[in-house]
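Position 143 (the first sequence) corresponds to 143 in the UniProt record's numbering; numbering is contiguous.
Heads up, the beta-carbon is just placed ideally off N, CA and C, and yes, glycines get one too.
Quantities reported herein were computed from a predicted structural model and do not represent experimental measurements.
Below is one structure, written out as structure tokens, with a few remarks after it.
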Amino acid sequence: MKIATWNVNSIRTRLEHVINWLQANPVEVLCLQETKVIDKDFPLQPFLDIGYNCYISGQKSYNGVAILSRSPLGQVSAGFAPILGDETVGSFDEQKRLITGLIDDIRIICVYVPNGSEVGCDKYEYKLYWLKLLQQYLEVALDKSPNLCICGDFNIVPGDLDIYAPKASANSAGLSVPERLALKEIIELGLNDPFRKFTSEGGHYSWWDYRAASFPRNNGWRIDHHYLSLPLYEKATNCTIDVSPRKLVKPSDHAPVIVEF
DNA sequence: ATGGCAACACACTGTTGA
């Protein structure tokens with residue numbers, strides 16, 4: 001089984017790329033982020049036509065997540081509130097950043113972690129609190145599901161090997177100590193990064209800035225990840241970043257990442 | 001230090017992204 005994640009930076013703009021990619025790479029599950037479209041305008045039919053069930057949670061202009069799956073998902077829900085309750089979550093589900101469903105006995109969670117903008121600003125504080133909620137959410141989810149795969153755009157560079165210029169970017173959102181600590185605490189719930197099971201060297205990235213010829217220079221960041229509970233991690237046979245869609249005309253700034261088990 | 005590129009909306013400029 002292959003489970004892929006891809007921040008598409010607008011599903012309507014990237015529709016042809018995603019359809020073509022799925023036809024060439026018929027993964028069981030594709031998790032999408034930054035769909036940037038309200039649910040009634042999501043282009044469902046092209047995905048139904050090629051055999052994917054669609055589960056979507058979108059909003060106007062920003063954010064938005066979706067899970068596409070060859071077989072129907074069970075127990076689908078969006079946002080933190082179905083697990084954590086309205087009182088804990090407050091207004092944090094207004095931004096559509098999490099959707100989940102069950103395939104076989106595997107809990108799939110698709111996330112778009114906030115960007116954070118600049119260290120110390122309101123959006124950065126929002127990101128840190130959002131990560132706290134995610135941690136609480138995962139504690140419950142892991143308790144219920146021994147087989148769990150969370151994947152998406154984490155907007156955090158886990159280690160200095162995961163970015164082309166760690167020192168120059170050290171003060172950027174995505175690298176700060178509190179963000180990395182928040183991710184570490186999430187991982188320590190019992191999750192594992194399958195990319196690092198198979199690849200120990202640096203130079204492998206999933207996002208490249210549109211500006212300054214970042215992609216041809218491979219000036220990238222590895223911020224799109226899967227995290228697997230131990231039973232799944234042990235079964236993982238491969239985890240790769242497919243850079244080919246990033247080479248197309250009008251690409252997303254992110255590349256898809258695929259785990260196989 | 002700054003800007004560069006792309007997508008979107010109460011659109012031709014401002015905001016967001018990472």
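As assigned by DSSP and simplified to three states, the class of residue i
i: tyrosine 62; result: coil
i: histidine 17; result: helix
i: arginine 107; result: strand
i: tyrosine 137; result: helix
i: tyrosine 129; result: helix
i: threonine 35; result: coil
i: tyrosine 205; result: coil
i: lysine 260; result: Looking at the sequence provided, one finds glutamate at residue 260 rather than lysine. Three-state result, glutamate 260: strand.
i: tyrosine 124; result: helix
i: valine 89; result: helix
Cut-off 7 Å between Cβ atoms - residues of its own chain near residue i, not counting five sequence neighbours on either side
i: asparagine 192; result: Tyr227, Leu228, Leu230 and Tyr233
i: valine 37; result: Ile11, Arg12, Gly58 and Gly64
i: alanine 81; result: Val89 and Asp93
i: tyrosine 137; result: Phe80, Ile83 and Leu84
i: leucine 142; result: Leu148, Leu189, Gly190 and Ser229
Cα-Cα separation, residue i to residue j
i: leucine 148; j: asparagine 115; result: 24 Å
i: valine 249; j: threonine 5; result: 20 Å
i: arginine 217; j: isoleucine 50; result: 35 Å
i: leucine 183; j: arginine 70; result: 30 Å
i: residue 283; j: lysine 60; result: Nothing about residue 283 can be reported from this structure: the residues present for the chain run from 1 to 261 only.
i: histidine 204; j: leucine 73; result: 31 Å
i: alanine 78; j: isoleucine 99; result: 4 Å
i: leucine 175; j: phenylalanine 215; result: 20 Å
i: phenylalanine 42; j: cysteine 110; result: 17 Å
Extent of the continuous beta strand (DSSP E) to which residue i belongs
i: glutamate 240; result: With the sequence shown as reference, residue 240 is identified as threonine, and glutamate is not the correct amino acid for it. Here the beta strand (DSSP E) through threonine 240 covers 238-241.
i: tyrosine 210; result: From DSSP, tyrosine 210 is part of no beta strand (DSSP E); its letter is neither H nor E.
i: alanine 81; result: Counting along the chain, alanine 81 falls outside any beta strand (DSSP E), though it belongs to the alpha helix (DSSP H) covering 81-84.
i: valine 177; result: Counting along the chain, valine 177 falls outside any beta strand (DSSP E), though it belongs to the alpha helix (DSSP H) covering 177-187.
i: asparagine 53; result: 53-57
i: glutamine 77; result: Here residue 77 is serine; the residue named in the question, glutamine, does not match the sequence. Where serine 77 is concerned, the enclosing beta strand (DSSP E) stretches over 74-78.
i: isoleucine 3; result: 2-7
i: residue 262; result: Beyond the ends of the chain as shown, which are 1 and 261, falls residue 262; an answer cannot be given.
Contacting residues, own chain, Cβ-Cβ under 6 Å from residue i (five flanking each side not counted)
i: leucine 68; result: Leu30, Phe47, Tyr52 and Cys54
i: lysine 127; result: Pro114 and Gly116
i: isoleucine 258; result: Lys2, Ala4 and Thr240
CA nearest to the CA of residue i, picked from the options
i: valine 8; options: Arg246, Val259, Ile163 and Arg180; result: Arg246
i: glutamate 118; options: Ile186, Lys96, Asn155 and Thr199; result: Asn155
i: serine 252; options: Leu131, Val140 and Asp209; result: Asp209
i: serine 206; options: Gln45, Pro43, Leu161 and Gly120; result: Leu161
i: tyrosine 62; options: Glu34, Asp86, Glu87 and Leu73; result: Glu34
i: isoleucine 83; options: Arg97, Leu133, Lys2 and Val257; result: Leu133
i: serine 172; options: Ser77, Glu201, Cys121 and Ala78; result: Cys121
i: cysteine 151; options: Glu16, Ala212 and Ile106; result: Ile106
i: serine 200; options: Gly101, Gly159 and Arg97; result: Gly159
i: proline 166; options: Trp221, Lys144, Glu188 and Thr240; result: Trp221
i: proline 178; options: Glu28, Pro43, Ala255 and Trp130; result: Trp130
i: lysine 123; options: Lys235, Ser169, Gln95 and Pro194; result: Gln95
i: asparagine 238; options: Ala66, Glu260 and Asn219; result: Glu260
i: alanine 112; options: Asn20, Asp104 and Arg97; result: First, the amino acid is wrong: residue 112 is tyrosine here, not alanine. Nearest option by C-alpha distance: Arg97.
i: residue 262; options: Phe195, Asn219, Arg14 and Leu44; result: There is no way to answer for residue 262, as the model of the chain reaches only from 1 to 261.
Boundaries (first-last residue) of the alpha helix (DSSP H) holding residue i
i: lysine 197; result: 195-198
i: glutamine 45; result: 44-49
i: tyrosine 233; result: 230-235
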